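The sequence shown begins at 1 in the numbering used here and counts up one residue at a time. Ideal Cβ positions, reconstructed from N, Cα and C, are used throughout, including at glycine. None of these values were measured; they are calculated from a predicted model.
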Amino acid sequence: MAFPVDVFHAVKKHGADDGYCQEHCNPAGFPELVDDQKAWIFNSSVCEQINVWFGKFLPVVREMSEVHFNFFLDEMIAIHNALKVSTLHSTGCRPRLIPVEELMSPVSG
């Protein structure tokens, strides 16, 4: 089972001698996470921040069934995203939903 972590986390928290983490958690070992120019296709720092945010729900979801857990987090994410979009709009930003096809297409430049 693979669990790639934030690049900073992989380098600073797990040494090169930690074989398990280097094999299963170091994002450098997952070529599907980089584009043709070897640039990351996602922001791993944001992923780490979201994991911290998810962790705040642990006391609430600890005893939930998988179905209830998934439903609860889906609703919390929807509320969080709606609030974030509202905040961005109020500050003059123009957030938009990016289609998956656009996210996965190669960047031309």
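Query raised in the report: Should residue 100 go down as buried or exposed, given a rule of 16 or more other Cβ atoms within 10 Å for buried?
Result: Per the 10 Å Cβ criterion, exposed.
Query raised in the report: Does DSSP put residue 52 in a helix, a strand or coil?
Result: Looking at residue 52 - three-state DSSP - the assignment turns out to be helix.
Query raised in the report: Would a check of beta-carbon distances place residue 55 closer than 8 Å to chain D?
Result: Within the model displayed, chain D is absent; a lone protein chain is all it includes.
**Report entry** Neighbourhood of residue 21 by C-beta, 6 Å cutoff - its chain only, sequence neighbours within 5 removed
**Finding:** Contacts found: 14.
Query raised in the report: Since residue 6 contacts residue 47 with CB under 8 Å, what's their CB separation in whole angstroms?
Result: At roughly 6 Å, the Cβ-Cβ gap stays under 8 Å, so residue 6 and residue 47 are in contact.
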